[in-house]
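Q: There's a structure below that I have some questions on.
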Amino acid sequence: FWSICDVFRVLQGLTLAPDIPLITLWKHECCRVFSDRLNDVNSLKWFKQTLKETCEDTSANTVKEMHYYRTAESKRYSIVSPDELMVNLTKAKNLLAEMGQDFGELVLFDEVVDHVARVSRILSVKRGSMLLVGTTGMGRRSLVVLASHLCGYPCHEVASKGYQRDIDDFLRPVIKAAGLEGPQTLLFKDGSAKTEQFLEAACILLDSGEIPGIFATEDCLNIKQELRADRNKDANDDMWYEFTNTVQDNLHLVLCVSPAFTLSEQSNSTYQRLFSACVLNWCFPWSQPGLETLVRDLLKFPSSDHIDYTEHAESLTRAAASIHHHLGALYEEYSAKYRRTLHLTPRTIRCLILLFLSSF
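Sequential numbering of the sequence shown, starting at 1, is according to the numbering used here.
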């Protein structure tokens, strides 16, 4: 489940903020590399307790919770409080919305901010790719778009039907931009992440930085000449190796996959490179306070001459979040009893609220 590559990722993270006390930064990096890929609550509790005992005689346990993320202006960690990061993300979200970016029903609260900080950390390091595990409707795509914007990277969403020609046409300019222009984020959403052709392309890119035959001979020569002129290399240098190595450094793959994909033995054996080269980050169901924030944002009560609905807004907010959590517990009992998995997501509670509002 873990390998020596994960130890390297911890050490790599320690170089991103040399001004922070080493033990504090080490604790943060261990959480990001090891804790984020744990897929059940009991394992998370064990990890936190073990880490707390390990750091018992240090100052790391008394440090106030802060977020570490990288901005487009800096190559090192920016350290801010959760409230400050919330303000920064709100500005980024509004800016991207004005540019036509659709964030659907994403509402910013503590857990969303925490996930954005995690994703931006992965994108900020060379060859940083990740598997974002969760159910559809949790806003994973919006998390990646926001994190990519914080890092200053263009975000390319795979929207092809899965035909080989479509895949090549979509990936060709993205690979070229990663090799010649700078870091790029390549987002595989749920639909494309289930397509065998795209998964194979992702494995090949992670392994070698190129897809055989995707560039014509003339295109390869042009890329070599442009790279040689840009980096002042000699004619004897292997510029294609330089190009593919740069692509591996700059192309950050983010695959939004379901829990069933990560737990499948067939997926682990067929796409082993995805699990060895990508960092896993599990998106657990939102907590009660997070759901209340989502409901509070959605509740837009119509005016009435007889009833002031705003007086009951907070009660309705708590009731809707409580219903959602109760249904989640029933879903777990159903899955354990009948071995059929059902998922409850924030999109479900959104539909509940919209149905409630439509009755007025």
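Ideal Cβ placement from N, Cα and C applies to all residues, glycine included.
Within its chain, find whatever has a CB closer than 8 Å to the CB of Y334; leave out the 5 residues flanking it on each side and keep chain order.
A: Excluding residues within five positions, the ones whose Cβ falls inside 8 Å are R340, L342.
Q: So, is S303 buried or exposed, given that buried needs 16 or more other C-beta atoms within 10 angstroms?
A: For S303, the predicted model reports a pLDDT of 48, less than 50, meaning its position is unreliable; a value from the coordinates is still stated below. It is exposed - the Cβ of S303 has fewer than 16 other Cβ atoms within 10 Å.
Q: Using the rule of at least 16 other Cβ atoms within 10 Å of the residue's Cβ for burial, across every protein chain shown, is Q367 buried or exposed?
A: The chain is shown only over 1 to 360; residue 367 falls outside these bounds and no answer can be derived.
Q: Please state the DSSP three-state secondary structure of S358.
A: Of the three classes helix, strand and coil, the one that applies to S358 here is helix, per DSSP.
Q: Please confirm if E196 has its CB atom under 9 Å from at least one CB of chain C.
A: No chain C is present in this structure, which holds just one protein chain.
Q: What are the start and end residues of the beta strand (DSSP E) that includes L344?
A: L344 -> no beta strand (DSSP E), and no H or E assigned at all.
Q: If we ignore side chains and look at the alpha-carbon of each, how far apart do D207 and R273 end up?
A: In a straight line, the C-alpha of D207 is about 7 Å away from that of R273.
Q: Pull the bridge partners of M130 from the DSSP assignment, please.
A: V254, V279.
Q: Would you report the Cα separation of T345 and T217, rounded to the nearest angstrom?
A: Straight-line Cα distance between these residues: approximately 48 Å.
Q: Could you check if T15 is buried or exposed, using at least 16 other CB atoms within 10 Å of its CB as the buried criterion?
A: It is exposed - the Cβ of T15 has fewer than 16 other Cβ atoms within 10 Å.
Q: For Y241, count neighbouring Cβ atoms within 10 angstroms of its own Cβ and tell me buried if that reaches 16, exposed if not.
A: Y241 comes out exposed.
Q: Check whether the stretch 139 to 153 touches the stretch 170 to 187, taking contact to mean three or more Cβ pairs, one atom from each stretch, closer than 8 Å.
A: The stretch 139 to 153 vs the stretch 170 to 187: in contact.
Q: What is the C-beta distance between I223 and F243, in whole angstroms, given that I count them as a contact (C-beta under 8 Å)?
A: 6 Å between Cβ atoms; contact.
Q: Which first and last residues belong to the alpha helix (DSSP H) in which L227 is found?
A: It spans 217 to 231 - the alpha helix (DSSP H) in which L227 sits, taken as one unbroken run.
Q: Answer with buried or exposed for D40, where buried requires no fewer than 16 other C-beta atoms within 10 angstroms of its C-beta.
A: Classification for D40: exposed.
Q: What residue range does the alpha helix (DSSP H) around H312 cover?
A: Neither: H312 is in no alpha helix (DSSP H) and is coded neither H nor E.
Q: DSSP three-state call for L38: helix, strand or coil?
A: DSSP places L38 in coil when its eight states are reduced to three.
Q: Give the single residue among S43, F215, V279 whose Cα lies nearest to the Cα of R127.
A: Answer by Cα proximity: V279.
Q: Per DSSP, which one or two residues make a beta bridge with E157?
A: L187, per the DSSP bridge assignment.
Q: What number of angstroms, rounded off, separates the C-alpha of L25 from the C-alpha of E53?
A: Spanning the two alpha carbons is a distance of roughly 16 Å.
Q: Buried or exposed for H115, going by 16 or more other Cβ atoms inside 10 Å?
A: Classification for H115: buried.
Q: Of all the options L89, S35, T293, which has the alpha carbon lying nearest to the alpha carbon of W46?
A: Here the closest residue by C-alpha is S35.
Q: Judging by CA-CA distance, which residue of S258, V174, G137 is the nearest neighbour of V247?
A: Of the candidates S258, V174, G137, the one whose C-alpha sits nearest the C-alpha of V247 is V174.
Q: Just to confirm, are T136 and L108 a CB contact at a threshold of 9 Å?
A: Not closer than 9 Å, so no.
Q: I'd like to know whether the C-beta atoms of L255 and F188 end up nearer to each other than 9 Å.
A: Cβ distance < 9 Å, so L255 and F188 count as in contact.
Q: Assign A117 to one of three DSSP states: helix, strand, or coil.
A: In this structure, A117 counts as helix in the three-state DSSP scheme.
Q: A147 and S120 - do their beta-carbons sit closer together than 9 Å?
A: Cβ distance < 9 Å, so S120 and A147 count as in contact.
Q: By how many angstroms is the C-alpha of R118 removed from the C-alpha of N281?
A: Each residue's Cα considered, the two are about 8 Å apart.
Q: Can you list, in chain order, the residues of its chain whose CB lies under 7 Å from that of K48, leaving out five sequence neighbours each side?
A: None.
Q: If you draw a straight line from the alpha carbon of E265 to that of N42, how long is it in whole angstroms?
A: Confidence in E265 is poor, its pLDDT being 49 and thus under 50, which makes the residue's placement unreliable; the coordinate value appears in the next sentence. Rounded to the nearest angstrom, the two C-alpha atoms are 23 Å apart.
Q: Go ahead and label F198 buried or exposed: buried means 16 or more other beta carbons lie within 10 angstroms of its beta carbon, across all protein chains shown.
A: Buried: at least 16 other Cβ atoms inside 10 Å.
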